[in-house]
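Here the structure is laid out as structure tokens; the discussion comes afterwards.
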Amino acid sequence: MEGLTGSINVLGYGLAALGPALAVGMIFAAYINGVARQPESRNLLQPIAILGFALAEALALFGLVLAFIN
Amino acid sequence: MSASQERRGPRAGKGAGPGRPVLRPAAEDVPVRAGGGGGDLVAYNVLAYLMSGLLLFGGSGYLLDRWLGTSLLTLVGLLLGMGLGLYLVWVRYGGRRPPEDGGDGSTAGGPAPGGGSGA
Amino acid sequence: MSPHVLASGYSPPSPSSFWHPLIGEGATAITRPMFLMAFSVLLITALAFVVTRRMSLVPGSGQFVAEGIYTFVRNGVARDSLGSKEFLAFVPLLLTQFLLIFTNNLFGIVPVIQFPTFSRYGFALSVTLIVFVVYHVVGIRRKGLGGYFRGMVPSGLPKLVVPVIFLLELLTYFVTRPLTLSLRLFANMFAGHILLLVFFLGGTYMLVEADGLLINVASVGAFLMGIVFTGFELLIYFLQAYVFVLLSASYIATSIADDH
């Protein structure tokens, strides 16, 4: 196809973003489940959910930054 | 000021039945919480911390690379920045919160910030 | 980024489709989004004036809608984020921002206009800069210059790490937060508008200029997708306005809170 240009870096980032997206979804699904079963546990579960989110998102951000470095 | 005018005005709103307005009392004094309203905003703040860490230390690593001619400092800067960002997220949002309004008797202590065993 | 022109004559939408100068040209042109922003301000002012001219205790329909919007921003956003003691001072700012952003976003799907103003980055940046100035000034006024910067570092950290964390927090407060706030709004509007352009302009090309009966019939799919995404864009417009105002309130709350 003519006119298809771009960089492989961004393709690589697109592939790499798959894992963290699934991970964040699973973390927050567990958090919502936990709070739905026992609403009082919200304050105990929230720091854990945030930490898990930060760790999973770190990889996605690495991919984003490295996609722009040549 | 508009604030006091607003308090004294009629507050007929959605709950008003036919003809009789319902005056809602002002809410009790709730102090400002540093975490902002709602837990879902924490995610944006966490993202901001992570990105800042990457940008600051990755950027300085990159600049140092260009100045010194090496090629490894960018990666070191990125890793260090991410580590520090994660540490800051742990300090601010990790640790355990005390349960609000009497919880269920669990022995949760106050928040445990700082001195964390690393990111 | 120049638009790719394929051999078949179709040029896909690109950032140059967002440049609509009306008077003059180049960097000092007066463009269509400028007129749209001015028009939206006049529209909001006129509507507010008409609705509040004769307020009664039992509201009519116009007053009911206006009260609903006002209560939504005042209670749902301002009071929940800022606490009930000092939220009233910030309600005008938040309400204005919400109305402005939502109206200008809606211009993206109103039939004749069809251009969301915040798909030009300058507009998103200027709305963010107002909040940026507000949350710094409020924080400095509340805690003093030294106290404000000292409050950026959470307490109880080992002494070695404090300068590094302080640098990090400084960058977050001054660069990353306004950047992400404005970029979020801009990117959503930009991407949404390009999506609609692809569907509708592509569908028109498929129907009118391409030769082959199959392509002409298949353009119905493009138009159908365009209609579906118009509805989706309505949700996105409201959501982006709401998230913008919610985050502004959250940043102001962080500035005036005195925990740690």
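Residue numbers (our numbering), protein chains in the order written: chain A, 238 to 307; chain B, 69 to 187; chain C, 810 to 1069.
Heads up, the beta-carbon is just placed ideally off N, CA and C, and yes, glycines get one too.
Count the other CB atoms, across all protein chains shown, that sit within 10 Å of the CB of S928/C; report buried if there are 16 or more and exposed otherwise.
-> buried
Run through the stretch 816-898 of chain C for me and flag every whole alpha helix (DSSP H) of 4 or more residues, listed as ranges in chain order.
-> 841-860, 870-880
When Cβ atoms are compared, which residues of the stretch 116-128 of chain B fall closer than 7 Å to chain A?
-> L118, M119, L122, G126
Quick one: grab the DSSP three-state call for A1019/C.
-> coil
Checking contacts by CB at 7 Å: is A254/A closer than that to chain B?
-> no
Between the C-alpha atoms of N914/C and L136/B, what's the straight-line distance to the nearest angstrom?
-> 48 Å
Where G105/B falls, given that 16 or more other Cβ within 10 Å makes a residue buried = Bear in mind that a pLDDT of 45 at G105/B, under 50, signals an unreliable position, so the number given afterwards is only what the model happens to contain. By the 10 Å Cβ count, G105/B comes out buried.
What does V110/B touch in chain A if you count any residue whose Cβ is under 7 Å from its own?
-> The contacting residues are I287.
Closer than 7 Å, CB to CB, is L296/A near chain B or not?
-> no
Leaving out five residues on either side along the sequence, give the residues of the same chain with a beta carbon under 8 Å from the beta carbon of I1065/C.
-> L891, E895, V947, G948, R951
Tell me whether T989/C sits in a helix, a strand or coil according to DSSP, three-state version.
-> helix
Cα-Cα separation between G1012/C and T880/C, rounded to whole angstroms | 42 Å
Whether G917/C touches H1002/C by CB criterion (7 Å) | yes
Test item: CB-CB of G121/B and G145/B under 7 Å | no
CB contact below 7 Å: L156/B versus chain C = yes
Please decide whether I974/C counts as near chain B, where near means a Cβ-Cβ distance under 7 Å.
-> yes
Outcome for E1018/C when other beta-carbon atoms lying within 10 angstroms are tallied against a minimum of 16 = Answer is exposed; the Cβ neighbour count stays below 16.
Closer than 7 Å to chain B by CB, V261/A = Put simply, the CB of V261/A is far from chain B, with every gap to its CB atoms at 7 Å or more.
Thinking just about the alpha-carbon of each residue, which of R841/C, P920/C, H945/C is nearest to the one in I1036/C?
-> P920/C
Determine the closest residue to I939/C out of Q923/C, K968/C, Q906/C, G965/C, with distance taken between C-alpha atoms.
-> Q906/C
Residues of its chain near I910/C, where Cβ-Cβ distance is below 8 Å and the 5 sequence neighbours each way are ignored | F927, V936, L994, Q1049, A1050, F1053, V1054
Can you tell me the Cα-Cα spacing of L248/A and I839/C, whole angstroms?
-> 38 Å
Please decide whether V272/A counts as near chain B, where near means a Cβ-Cβ distance under 7 Å.
-> no
Any Cβ of chain B within less than 7 Å of the Cβ of V302/A?
-> yes
Consider the Cβ of V114/B: report whether some Cβ of chain A lies at a distance smaller than 7 Å.
-> Answer yes: the Cβ-Cβ gap between V114/B and chain A drops below 7 Å somewhere.
Where the alpha helix (DSSP H) through R959/C begins and ends | 930-959
For I306/A, count neighbouring C-beta atoms within 10 Å of its own C-beta (all shown protein chains included) and say buried if the count is 16 or more, exposed if not.
-> exposed
The ligand PLP heavy atoms versus the CB of L1006/C: any closer than 6 Å?
-> By its list of ligands, the structure shown contains no ligand whatsoever, and the ligand PLP lies outside what it can speak to.
Would you call the CB atoms of V874/C and L903/C closer than 7 Å?
-> no
The alpha helix (DSSP H) spanning V157/B covers which residue range?
-> 141-161
Three CB pairs or more closer than 8 Å across the stretch 249-260 of chain A and the stretch 293-303 of chain A | yes
Status (buried if at least 16 other CB within 10 Å, exposed otherwise) for P824/C | exposed
Tell me whether G960/C is buried or exposed, calling it buried when 16 or more other Cβ atoms sit within 10 Å of its Cβ.
-> buried
When the Cα atoms are used, what is the spatial distance from Y1014/C to T242/A?
-> 22 Å
So, A887/C versus A1058/C, is the Cβ gap smaller than 7 Å?
-> yes
Comparing the C-beta of A291/A with each C-beta of chain B, is any distance below 7 Å?
-> yes
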